[in-house]
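As structure tokens, the structure follows; a few thoughts come after it.
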Amino acid sequence: MTDLSHWAHLHKPAGLRAGRPRWPKFPPLPLRKLPALIGLVVPSLLLASWYGVTAAHWVPAQILPAPVAVLEAFRTLLQDGELQRNLAISLSRVGYGFGAGTLAGLLLGAGMGFSDAFDRFVRPTFLIVSQIPILAWLPFLMLLLGIGEALKIVLVAKAVFTPVTLGTFAGVRGVPTRYLELARVLQFSRARTLYRVVLPAALPQLFSGFRYGLTHAWLSLVAVELLASYEGIGYLMVYSRQLFQLDVMVAVMLVIGFAGLVLDRLLALGENSLCRRFGGAA
Amino acid sequence: MNRLRSILGSGAVLPILLLSAWAGAVHAGLLDVRLWSSPELVLASAWAALRDGSLAAALAASLKRDLLGFAIGAGLGLPLGLLLARVRLADRLLSPTLNATRQIALFAWVPFLSLWLGNGEQGRIAFIALAAFFPVLLNSHVGAAQVEKRYLEVARVLCLKPHRVILKVILPSALPSILTGLRLGLIYAWLGTIGAEYMFATTQGIGSMMMDARELFRMDLVILGMIVIGGVGFLLNALLSRVGHLPLWRGVEESL
């Protein structure tokens, strides 16, 4: 079960602001009480130099569009509905793919988690197949499925499937034996054990799987839309690049970042409310 | 290793079953061989590509690109991660910007990079470096932020110079996390290599080989490419795992 050890670091304080002991020789106090606003210094400087460089025409607009132009492009995209239309297409692809991949991943992960025999037969194959990175599937799926909707949904589903399977498996296997013994002593039915014991205990791992799944889904969707699509947010980007409408391109790039962030936050919200409902089993 | 072997015993059943079902269905005419290829065809074209050296050339081009991009990305990410973890001012200044930048899906950078650095090798390398950069940055940051306080206190008592503190205290205790980051970075760099070969101008490389094969409807070469890409990813991962005595199989976040 070597792969379970990967999970250890998932629960360390990830992200860029973990608690930190102090640098031994760093000059004391004044710097430690800096307001959080200082994080805005670099973005403002970047924005200012972006503005300055474009306003002074040091860089041609075909290389770097002015911030105002990007804002204007964003407004135009909103007004003629192009942005909403393409974003809706992309999001529905993520939705279908995420749904299908999650369902399959939950089933396979639970199967491997609950049954040792099934695990022995299936997991090696699963692990071998999961060695193939998602993008390597793309030409294969393009040949099999063409470049229609099915390609996008299957690719996204495949991207979601692997982390959700691993997360479900780790979650089910990680339920402490004493909880299961207690459930047996209390003569819980199978369904009740699943709902009251396994699910709450596995929830954090499950959601790790979902979150990576969603990140991978968004990443793969943007990739496939850049390569083989006639609509969607990624296509909007290539299209504007081809027309050298860089203001549109930058605006779409920012929207892609923002949409990814919102998707992740939504899932985190879901996780929190579910964990609360199950009595903070984490 | 023993457990691996015992798993492989029953684990081999399913792959053998699938392979023979594939071969059988193609031979029985249930699957169109032009679309689905067949195991023998894949083997035959693997042999042919090995003999004429095209596979080796493509692989060498991809690996060179991959490792160069990885070296640049990791070379920037690792020190920056240490800096952000140990110097609060740098953390406060840069982390919000980096966190925001990280939100942009990796491939959304391609049009931008191709514009700024050209549609050729520079753009590809920069993209691969970007793919490796964030995992290395995040994990070295986490590792260096979790150095035990008493080690740092000892270092202070011993009046160690800052570079000695980094070399003798921070790096060793952050090492497991740093290695995780490097491994993740290598995986992302490999993914980025494939993506870069798809999305930038065509060039030599394993990803380009697959895209060309797709246009020629050569499913055998596409499948060969998948196997080679998966195998190389596995070997790179295994190599770095051996260095750090870390588990071999990928975890969930590496499952791209």
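Line order of the protein sequences matches chains A and B. What the first sequence shows, in this note's numbering, is residues 186 to 467, in sequence order. What the second sequence shows, in this note's numbering, is residues 372 to 627, in sequence order. Cβ atoms here follow ideal geometry from the backbone N, Cα and C, with glycine treated the same way.
| Check | Outcome |
| --- | --- |
| Indicate whether residue 491 (chain B) and residue 572 (chain B) have their beta-carbon atoms separated by less than 7 Å. | yes |
| At the 7 Å Cβ level, is residue 403 (chain A) part of the contact set with chain B, yes or no? | yes |
| I want to verify the contact list: residues of chain B whose CB lies under 8 Å from the CB of residue 306 (chain A), in sequence order. | 381, 382, 384, 385 |
| What span of residues does the alpha helix (DSSP H) with residue 538 (chain B) cover, start to end? | It is not in any alpha helix (DSSP H) - residue 538 (chain B) carries neither H nor E in the DSSP assignment. |
| Among the candidates B:559, B:532, B:416, B:596, whose CA atom is the shortest distance from the CA of residue 501 (chain B)? | B:559 |
| At 8 Å on the CB atoms, spell out the chain A contacts of residue 481 (chain B), in chain order. | 411 |
| Count the other CB atoms within 10 Å of the CB of residue 607 (chain B); is the residue buried (16 or more) or exposed (fewer)? | buried |
| If residue 404 (chain A) sits next to residue 477 (chain B), beta carbons under 8 Å apart, how far is it from one beta carbon to the other, in whole angstroms? | 6 Å |
| Where does residue 573 (chain B) fall in DSSP's three states? | coil |
| Just curious, the alpha helix (DSSP H) that residue 380 (chain A) is in, first and last residue? | Careful: residue 380 (chain A) lies outside any alpha helix (DSSP H) and carries neither H nor E. |
| Grab me the residues of residue 437 (chain B)'s own chain with a C-beta within less than 7 Å of its C-beta, minus the 5 sequence neighbours each way, in chain order. | 499, 560, 561, 564 |
| Taking 7 Å as the CB-CB cut-off, is residue 505 (chain B) touching chain A? | no |
| According to DSSP, is residue 242 (chain A) part of a helix, a strand, or is it coil? | coil |
| List the residues of chain B that residue 316 (chain A) touches, going by C-beta distances under 7 Å, in chain order. | 601, 604, 605 |
| Taking only beta carbons into account, state which residues of the region 576-591 of chain B come closer than 8 Å to chain A, listed in chain order. | 578, 581, 582, 584, 585, 588, 590 |
| Per DSSP, what kind of secondary structure is residue 319 (chain A) in: helix, strand or coil? | helix |
| Kindly indicate which three-state DSSP category residue 492 (chain B) falls into: helix, strand or coil? | helix |
| My output table needs one value for residue 360 (chain A): the three-state DSSP class, helix, strand or coil. | coil |
| Just the Cα atoms here: how many angstroms apart are residue 399 (chain A) and residue 282 (chain A)? | 10 Å |
| Report the neighbours of residue 445 (chain A) on chain B: residues whose CB is nearer than 8 Å to its CB, in chain order. | 474, 475, 476 |
| I want to verify the contact list: residues of chain A whose CB lies under 9 Å from the CB of residue 594 (chain B), in sequence order. | 325 |
| Within a Cβ cutoff of 8 Å, which residues of the same chain sit near residue 614 (chain B), ignoring the five residues on either side of it in sequence? | 550 |
| Using DSSP with H/G/I as helix, E/B as strand and the rest coil, what is residue 414 (chain A)? | coil |
| Rounded to the nearest angstrom, what separates residue 545 (chain B) and residue 329 (chain A) at their Cα positions? | 46 Å |
| Report the CB separation of residue 336 (chain A) from residue 326 (chain A) in whole angstroms; it is logged as a contact under 8 Å. | 6 Å |
| Please list the residues of the region 456-469 of chain B that have a C-beta atom closer than 8 Å to any C-beta atom in chain A, keeping them in chain order. | 456, 457, 458, 459, 460, 462, 463, 464, 465, 466, 467, 468, 469 |
| If you reduce the DSSP assignment to three classes, tell me which class residue 334 (chain A) lands in. | helix |
| Around the Cβ of residue 403 (chain B), are there at least 16 other Cβ atoms within 10 angstroms (buried) or fewer (exposed)? | exposed |
| Can you find a C-beta in chain B that's less than 7 Å from the C-beta of residue 223 (chain A)? | yes |
| For residue 520 (chain B), which of helix, strand or coil comes out of DSSP? | helix |
| Between residue 569 (chain B) and chain A, is there a C-beta pair that is closer than 7 Å? | yes |
| Quick check on residue 423 (chain B): does DSSP put it in helix, strand or coil? | coil |
| Give the C-beta separation of residue 350 (chain A) and residue 386 (chain B) to the nearest angstrom, bearing in mind that I take them to be a contact with Cβ-Cβ under 8 Å. | About 17 Å separates the two Cβ atoms, so there is no contact after all. |
| Indicate whether the contact test is met: 3 or more Cβ pairs, each with one atom in the region 381-397 of chain A and one in the region 348-365 of chain A, closer than 8 Å. | yes |
| Of all Cβ atoms in chain B, is any one closer than 7 Å to the Cβ of residue 426 (chain A)? | yes |
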